[in-house]
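Worksheet: the structure to be examined is printed underneath.
Protein chains in written order, with the working numbering: chain A, 94 to 378; chain B, 41 to 319.
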């Protein structure tokens with residue numbers, strides 16, 4: 094400790110060193126290796142060589158453009174649905190929860206206590222052709238007599254929405270719960286209607302939560318492959334399914350690596366556009 | 041809350057509208073809650089199901105035999121015990137590494153803070169499949185055989201950031217005067233850290249450790265890429281799902297759910313009692 098006392102400036106670096114080294118070696122460096130792999134050519138049987146094979150990226154985009162678009166569309170719809178479901182829920186807990194707040198929050202994160210895969214398998218049985226949901230929808234003729242839910246885009250989007258909903262609800266709750274109630278009362282005292290007070294006071298103040306929640310939902314949703322695998326068919330497969338099968342089943346590392354970077358780039362582009370739109374327009378408007 | 045209630049009472053015309061609105065919102069919230077909890081109910085219910093064939097999809101009849109024969113499926117108990125071991129390792133190491141980073145970030149001004157924050161934030165905002173794939177790229181290039189070690193390495197990696205965030209939040213709201221008081225009273229830095237800082241941030245450290253444990257036990261994607269021949273609980277479920285998952289999977293899932301829920305409930309009760317005692 095006397096060493097630390099004499100070299101006080103070193104202390105933060107000593108504290109950081111082990112953790113940052115771990116992240117550098119097992120997070121940053123692997124991204125470099127993935128990049129290296131994405132520029133290789135060859136096959137598993139004859140070995141892969143590093144040849145600056147930029148065509149891997151072009152092939153990835155042109156061959157799997159449908160999967161890529163589908164991933165972004167599914168993730169986008171799921172994010173909007175999660176927002177529509179969670180906002181009133183988070184609002185209700187934050188403003189009406191009273192002393193039950195913590196308990197209600199627990200109910201929101203309760204799905205996390207059941208393994209992700211098992212939650213998704215549960216949706217498989219809920220949406221299955223013999224399940225009561227499909228039977229009821231057939232009875233009221235929302236679905237045709239042989240209409241189904243499982244193995245459709247609806248099922249995949251519903252599964253994604255469900256699995257990432259807490260990521261949306263929690264940041265929303267945090268930002269709503271921090272709002273000073275007196276601001277809303279002030280707006281109403283100044284003759285704002287309840288709707289107007291919500292639109293001009295509550296909603297703008299909760300935008301940081303909306304922002305965090307949508308990102309936390311969209312990013313993992315765009316990379317997901319489990320919902321498409323368990324609730325869909327190859328027609329619903331997303332970019333994650335392709336990456337997964339290329340890496341682990343087809344052993345086509347260069348293509349899988351290139352697709353991973355394309356996915357990252359697509360997500361970053363989406364996040365960038367979204368940040369610009371929300372950051373400058375609505376936060377100041 | 042009370043102020044809002046009074047203002048409603050003062051303005052009777054607003055009363056009816058407020059009543060309708062309040063209940064629309066409540067109904068909506070209850071529907072949302074049932075959506076959230078429905079699959080959990082299904083998982084629990086089907087742990088008592090007596091499936092006719094291989095698939096535990098449709099309700100056949102009530103039985104306790106899945107519970108009494110919970111360890112009757114080959115490989116399931118091994119998978120669960122592997123998951124628990126790795127979660128223990130991952131949460132211990134990640135908590136130590138993450139707590140140190142959080143201390144440095146909150147307590148010290150130093151060059152490279154921004155870069156450190158970014159490096160901590162990035163793994164949380166990278167899709168899991170990219171985390172898993174890139175680690176596999178590293179291990180393949182370096183000729184490291186995937187297995188127990190690589191799963192542990194991967195889990196520690198994605199847990200660290202969550203620990204940093206959790207502990208940082210507690211340290212930011214921390215009264216520095218307590219430490220200054222200890223130092224003024226002649227304690228050295230190490231003693232101050234041990235006797236003052238550590239006990240105060242202990243709840244956040246514990247929360248970080250529990251979060252890491254939960255993330256590790258639940259992880260499928262990153263593990264799938266880096267597991268080699270090892271089978272964790274989620275990997276077992278994945279394999280079983282293709283040929284029909286046995287109801288014992290639901291039994292284990294229900295047991296985990298009940299334990300986690302009980303722990304969280306106890307935590308809430310203790311917190312409530314503490315805040316009541318303080319008030």
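Where is the CB? At the ideal position from N, CA and C, for every residue including glycine. These figures come from a predicted structure and were not determined experimentally.
- The three-state reading of DSSP puts residue 102 of chain B in strand, counting E and B together.
- Each residue's CA atom was taken as its position, placing residue 158 of chain A and residue 371 of chain A some 27 angstroms apart.
- Counting only Cβ-Cβ distances below 8 angstroms, residue 165 of chain B has contacts in chain A at 308, 312, in chain order.
- Look at residue 296 of chain A: its C-beta is not under 8 angstroms from any C-beta on chain B.
- Within the same chain, 297 come within 8 angstroms of residue 80 of chain B by CB-CB distance, once the 5 residues on both sides are set aside.
- The beta-carbon separation of residue 130 of chain A and residue 346 of chain A, rounded to 5 angstroms, stays under the 8 angstroms limit for a contact.
- Annotation for residue 134 of chain A: no alpha helix (DSSP H) segment contains it, though the beta strand (DSSP E) segment containing it runs 133-136.
- Annotated three-state conformation of residue 307 of chain B is helix, per DSSP.
- Residues of the segment 267-300 of chain B with a C-beta less than 8 angstroms from any C-beta of chain A: 273, 274, 277, 278, 281, 285, 289, 290, 293, 296, 297, 300, listed in chain order.
- Comparing alpha-carbon positions, the option among B/236, B/179, B/171, B/214 lying closest to residue 223 of chain B turns out to be B/236.
- The alpha carbon of residue 92 of chain B has as its nearest neighbour, out of B/287, B/311, B/306, the alpha carbon of B/287.
- In this chain, the alpha helix (DSSP H) harbouring residue 340 of chain A covers 332-341.
- Put simply, the backbone Cα of residue 284 of chain A is about 49 angstroms away from that of residue 200 of chain B.
- Look at residue 89 of chain B here: in three-state DSSP terms it is strand.
- For residue 140 of chain A, the enclosing beta strand (DSSP E) has its first and last residue at 140-143.
- Within chain B, no C-beta atom comes less than 8 angstroms from the C-beta of residue 237 of chain A; the nearest is roughly 21 angstroms away.
- Take the alpha-carbon of residue 83 of chain B and the one of residue 71 of chain B: they are about 19 angstroms apart.
- Nearest to residue 155 of chain B by alpha-carbon distance, out of A/204, A/351, A/342, A/116, is A/116.
- Beta-carbon to beta-carbon, residue 263 of chain B and residue 250 of chain B are separated by about 19 angstroms, too far to satisfy the 8 angstroms threshold.
- Interface flag for residue 265 of chain B against chain A is set, since a Cβ pair is found closer than 8 angstroms.
- Put simply, of A/334, A/311, A/344 the residue whose alpha carbon is nearest the alpha carbon of residue 368 of chain A is A/311.
- Between residue 285 of chain B and residue 291 of chain B a beta carbon distance of about 11 angstroms is seen, past the 8 angstroms cut, so the two are scored as non-contacting.
- As the crow flies, the alpha-carbon of residue 103 of chain A is around 10 angstroms from that of residue 148 of chain B.
- Chain-ordered, the chain B residues with CB closer than 7 angstroms to the CB of residue 212 of chain A read 79.
- Distance from the Cα of residue 294 of chain B is smallest, within the candidate group B/89, B/57, B/65, for B/89.
- Under the three-state reduction of DSSP, residue 285 of chain A is assigned to coil, being neither helix nor strand.
- Look at residue 214 of chain B here: in three-state DSSP terms it is coil, with no helix or strand label.
- What residue 258 of chain B touches in chain A, judged by beta-carbon distance under 8 angstroms, is 205, 208, 209, going in chain order.
- Burial state of residue 322 of chain A is buried, judged by a 10 Å Cβ sphere holding 16 or more other Cβ atoms.
- Minimum Cα-Cα distance from residue 138 of chain A among the listed residues A/122, A/350, A/194, A/343 corresponds to A/343.
- Contact between residue 185 of chain A and residue 65 of chain B is confirmed by a C-beta separation of about 5 angstroms, below the 8 angstroms threshold.
- Residue contact with chain B for residue 215 of chain A: present (Cβ-Cβ distance below 8 angstroms to some residue of chain B).
- DSSP, read as helix, strand or coil, puts residue 63 of chain B in helix.
- Contact between the segment 107-119 of chain B and the segment 175-187 of chain B is absent: fewer than three C-beta pairs spanning the two stretches fall below 8 angstroms.
- For the pair of segments examined, the segment 184-199 of chain A was found to touch the segment 300-315 of chain B: the number of CB pairs separated by less than 8 angstroms reaches three.
- Neighbours of residue 319 of chain A across chain B, judged by C-beta separation under 8 angstroms: 260, 261.
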